[in-house]
Amino acid sequence: MKKFKEKFVGDSYEKLVAIKNNRLHNLIEKYVLLCNPDKITVCTDRIEDAQYIRTRAIEGGEEHKLTLDGHTLHFDGYFDQARDKKNTKFLIAKDAEFDPGLNTVNRDEGLEEITEIMDDIMQGKELYIRFFCLGPVDSEFSIPAVQLTDSAYVAHSEGLLYRTGYKQFSNIKDSERFFFLIHSAGELEGGVSKNIHNRRVYIDLKENIVYSTNTQYGGNTIGLKKLSMRLAIQLASREGWLTEHMFVMGVHGSNNRVTYFTGAYPSMCGKTSTSMIPGETIIGDDIAYLRKMDGKINAVNVERGIFGIIGGINSKDDPLIWDILNKEGEIIFSNILSTDRAEPYWTGKDGEVHTHGINYSGEWNSGKIDDKKNEIPASHPNARFTVNMDLLENTDSRIDDPQGVEVGGIIYGGRDSHTTVPIIEAFDWAHGVFTMGASLESETTAATLGKSGVRKHNPMSNLDFLSIPLSRYLQNYIDFAKNLDNIPPIFAVNYFLNDAVGDPITDKLAKRVWLKWMELRVHGDIGAIKTPVGLIPRYEDLKPLFSEVLGQDLSEELYTEIFTLRVPENISKIERIKNIYQNKIPNTPKELINALDEQEKRLKKAKKQYGDYIPPQKFIE
Ligand code: SPV
Ligand code: MN
Numbered sequence: 250m251k252k253f254k255e256k257f258v259g260d261s262y263e264k265l266v267a268i269k270n271n272r273l274h275n276l277i278e279k280y281v282l283l284c285n286p287d288k289i290t291v292c293t294d295r296i297e298d299a300q301y302i303r304t305r306a307i308e309g310g311e312e313h314k315l316t317l318d319g320h321t322l323h324f325d326g327y328f329d330q331a332r333d334k335k336n337t338k339f340l341i342a343k344d345a346e347f348d349p350g351l352n353t354v355n356r357d358e359g360l361e362e363i364t365e366i367m368d369d370i371m372q373g374k375e376l377y378i379r380f381f382c383l384g385p386v387d388s389e390f391s392i393p394a395v396q397l398t399d400s401a402y403v404a405h406s407e408g409l410l411y412r413t414g415y416k417q418f419s420n421i422k423d424s425e426r427f428f429f430l431i432h433s434a435g436e437l438e439g440g441v442s443k444n445i446h447n448r449r450v451y452i453d454l455k456e457n458i459v460y461s462t463n464t465q466y467g468g469n470t471i472g473l474k475k476l477s478m479r480l481a482i483q484l485a486s487r488e489g490w491l492t493e494h495m496f497v498m499g500v501h502g503s504n505n506r507v508t509y510f511t512g513a514y515p516s517m518c519g520k521t522s523t524s525m526i527p528g529e530t531i532i533g534d535d536i537a538y539l540r541k542m543d544g545k546i547n548a549v550n551v552e553r554g555i556f557g558i559i560g561g562i563n564s565k566d567d568p569l570i571w572d573i574l575n576k577e578g579e580i581i582f583s584n585i586l587s588t589d590r591a592e593p594y595w596t597g598k599d600g601e602v603h604t605h606g607i608n609y610s611g612e613w614n615s616g617k618i619d620d621k622k623n624e625i626p627a628s629h630p631n632a633r634f635t636v637n638m639d640l641l642e643n644t645d646s647r648i649d650d651p652q653g654v655e656v657g658g659i660i661y662g663g664r665d666s667h668t669t670v671p672i673i674e675a676f677d678w679a680h681g682v683f684t685m686g687a688s689l690e691s692e693t694t695a696a697t698l699g700k701s702g703v704r705k706h707n708p709m710s711n712l713d714f715l716s717i718p719l720s721r722y723l724q725n726y727i728d729f730a731k732n733l734d735n736i737p738p739i740f741a742v743n744y745f746l747n748d749a750v751g752d753p754i755t756d757k758l759a760k761r762v763w764l765k766w767m768e769l770r771v772h773g774d775i776g777a778i779k780t781p782v783g784l785i786p787r788y789e790d791l792k793p794l795f796s797e798v799l800g801q802d803l804s805e806e807l808y809t810e811i812f813t814l815r816v817p818e819n820i821s822k823i824e825r826i827k828n829i830y831q832n833k834i835p836n837t838p839k840e841l842i843n844a845l846d847e848q849e850k851r852l853k854k855a856k857k858q859y860g861d862y863i864p865p866q867k868f869i870e
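Under the working numbering, the letters of the sequence shown match residues 250 to 870, in that order.
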């Protein structure tokens, strides 16, 4: 690194050499020589270093100040608003074992391509180097990670979203075990990445390195988030634990009882809003590590902040998030509208409706259309807010516990307009893993580029991030519950079920009730009705919960409509899922097909007895 010592800003060089780690120094040297930045700033865990990054984000035009103190706004390019699945690829050696459906590129070719793209990519720019710790520090869960980026916005976002790890980096036991993440937004034009045609996210599982170029959207650039998650899934598989696309939250029962749940839902299916339900406490909203400890499953939040979807947030449905977004504090808004008074505005916000301002398309007036004649909304459907969890009032006191929290129950959620009832419990671990987690289907959303509303199989909502064969991932799940003293029950939720005429069958707030119901089930405080597809709530348990939690009177008629078993839809779903596992996934565990076959048999038997649409009362024994 001596070769380019003059590029280091202030005492950055000293900060870097103070960390005694050869792999780190070699990698930094290699990529500085390749990317050729003008300047290099190294950040420690000090507040001044975080402040410097914030200032640079404004000075460099990647963020703009809004009216309230601490609020800034960042725009990604018009065509850079979501995760780019097409150009996100695993670098795979010829002989590596990988599922055919996953997006891969030959490792040598991929490295050659990305090296070419990165050649001099940081010329004229400043490189920021920040150290983080995934998971709580000084814990069995910790994974040290270092980010190199020429975007102050990315470095700033990570400062809000992760625990700092400069100090931790000097103490790592296995000096090779860390993630190395390198990003360049490439040439900027009007503050956004210009060379989108060279947008790449390449994941090198062999070296635990992720390369990201010519993009700014957080899901493609925030190395600690979904990019590290892909590395962590493989690491976990090797080391015997799980990396999951899950929130972690405490549900509060009677007598101060707190029961922790983890929940895996694809993007835009209510994951963040569930973890932020008033009266409950949040540990994390997106990524969890799960380990077996003392015969139990413990979970931690990998992150320390929230990169949440802002569209539709209003004071009634999401009061806790609403409060945060409307007061001073460090918040990065992305891809929303800045009004004439430089206030943040988004689709679905309460109060005044704004018809002009500046958004991700530039100067905006309502009715503005794009090149394809589509109307441009005030804020992009994937527009987000980024905050540290210290800003929230409902953060659980155990968020940084190095042991994590004991998992009382696991939830899988999807966006499913016509098949799955809003809440159901699995018969046991394998039934839940196979018929709920592994069979999860969801209608696509704006969180990834491409068409919305298409039904896609998304096992454990983790498909986009799987860096190991799906068969092994599922086997790991099954093995994970072996030799446990306490196996948590598994639940499935669906907040998007429609009634016969296509309207939502429940109030958006009903999820608050489902959580309370699950909490009672974990402790065996209430019974349930056994149906062919799992255990559903009894009317006599839900009625008081609707009244206590929501002040609503749940009629038996509505209860019956909600929980009517839709046999043809359920059978079709099983056929779809079986078809995928039998024809597209190599080495599917035979127990999975058996579990689906058994379920189908139970459904057909019930159909013979009661018909296609079976009210829950029929299953009361
Ligand atoms: C998701 O899409 O699942 C997110 C946001 O949590 S992203 O960072 O894009 O992955
Ligand atoms: Mn996510």
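For glycine and all other residues, C-beta sits at the position ideal for the given N, C-alpha and C.
Given residue i, which residues of its chain have a CB within under 8 Å of its CB, disregarding the five upstream and five downstream residues?
| i | result |
| --- | --- |
| Ile230 | Absent from the structure is residue 230, since the part of the chain shown begins at 250 and ends at 870. |
| Lys455 | Leu340, Ala342 and Arg356 |
| Gln801 | Asp756 and Phe795 |
| Gly860 | Val816 |
Looking only at its own chain, which residues have a Cβ that is under 7 Å from the Cβ of residue i, when we skip the five neighbours before and after it?
| i | result |
| --- | --- |
| Arg325 | A small fix is needed here, since residue 325 is Asp in this sequence, not Arg. Around Asp325: Val441, Gln465, Tyr466, Ser583, Asn584 and Tyr609. |
| Leu794 | Val762, Lys765 and Trp766 |
| Ile869 | Ile778 |
| Ile811 | Val670, Pro671, Ile754 and Thr755 |
| Gly528 | His501 |
| Gly560 | Trp595, Thr596, Gly597, Ser628, Pro630 and Ala632 |
| Gln724 | Pro838 |
| His603 | Leu586, Thr588, Tyr594 and Ala627 |
| Lys833 | Gly350 |
| Glu552 | Leu410, Tyr411, Gly533, Asp535 and Ile536 |
| Ser424 | Asn270 and Arg272 |
Keeping to the same chain, check which residues put their C-beta closer than 6 Å to that of residue i; ignore five residues upstream and five downstream.
| i | result |
| --- | --- |
| His908 | Residue 908 lies beyond the stretch modelled for the chain, which goes from 250 to 870, so this question has no answer here. |
| Ala267 | none |
| Pro781 | Arg851, Leu852 and Ala855 |
| Asp619 | Ile625 |
| Phe328 | Ile445 |
| Ile775 | Leu769 and Asp790 |
| Arg305 | Ala401 |
| Gly359 | Leu340 and Tyr451 |
Any chance the CB of residue i is under 7 Å from a heavy atom of the ligand MN?
| i | result |
| --- | --- |
| Asp535 | yes |
| His494 | yes |
| Ser716 | no |
| Ser522 | no |
| Ser516 | yes |
In the DSSP output, which residue or residues are listed as bridge partners for residue i?
| i | result |
| --- | --- |
| His446 | For His446, which the question treats as bridged, DSSP gives no partner whatsoever. |
| Val549 | Tyr538 |
| Ala741 | Tyr661 and Ile673 |
| Met495 | Ala513 |
| Cys382 | Pro393 and Arg412 |
| Leu907 | Nothing in the structure corresponds to residue 907, since the chain is present only between 250 and 870. |
| Tyr377 | Thr290 and Thr398 |
| Tyr476 | At residue 476 the sequence reads Leu, which differs from the Tyr that was named. BP columns for Leu476 are empty, so no partner. |
| His706 | Glu690 |
Under 7 Å from any heavy atom of the ligand SPV, does the C-beta of residue i make it?
| i | result |
| --- | --- |
| Phe556 | yes |
| Lys475 | yes |
| Arg332 | yes |
| Gly467 | yes |
Since I believe residue j is in contact with residue i (beta carbons under 8 Å), could you give me their beta-carbon distance rounded to a whole number of angstroms?
| i | j | result |
| --- | --- | --- |
| Asn707 | Pro515 | 5 Å |
| Arg303 | His405 | 6 Å |
| Tyr262 | Leu397 | 15 Å between Cβ atoms; not a contact. |
| Leu430 | Asp368 | With a Cβ gap of about 19 Å, Leu430 and Asp368 do not count as contacting. |
| Pro737 | Val654 | The pair is not a contact, with the Cβ atoms about 12 Å apart (cut-off 8 Å). |
| Phe634 | Met478 | 20 Å between Cβ atoms; not a contact. |
| Ile482 | Ser720 | Actually they are not in contact, since the Cβ atoms of Ile482 and Ser720 sit about 14 Å apart, beyond 8 Å. |
| Phe871 | Asn457 | Outside the displayed range of the chain (250 to 870) lies residue 871, so it cannot be described from this structure. |
| Ile727 | Val636 | That belief does not hold up - the Cβ atoms of Ile727 and Val636 are roughly 37 Å apart, past 8 Å. |
Ranges of the beta strand (DSSP E) found wholly within the region 388-414, counting only runs of at least 3: Complete beta strand (DSSP E) runs here, min 3: 392-398.
Continuous alpha helix (DSSP H) assignments of at least 4 residues falling wholly in the region 501-533: 520-524, all fully within the region 501-533.
Secondary structure, alpha helix (DSSP H): runs of 4+ residues fully inside the region 803-857: Runs found: 805-812 and 816-832.
Residue ranges of each beta strand (DSSP E) within the region 708-776, 3 or longer: Entirely contained in the region 708-776, the beta strand (DSSP E) runs reaching 3 residues are, in chain order, 739-743.
Alpha helix (DSSP H) segments (min. 4 residues) lying fully within the region 284-364: Listed in chain order, the alpha helix (DSSP H) runs fully inside the region 284-364 are 296-308, counting runs of at least 4 residues.
Complete runs of the beta strand (DSSP E) confined to the region 605-661 [at least 3 residues]: List check, beta strand (DSSP E) in window: 605-608, 611-614 and 633-637.
Secondary structure, beta strand (DSSP E): runs of 3+ residues fully inside the region 550-605: Within the region 550-605, the complete beta strand (DSSP E) runs of at least 3 residues are 554-558 and 580-583.
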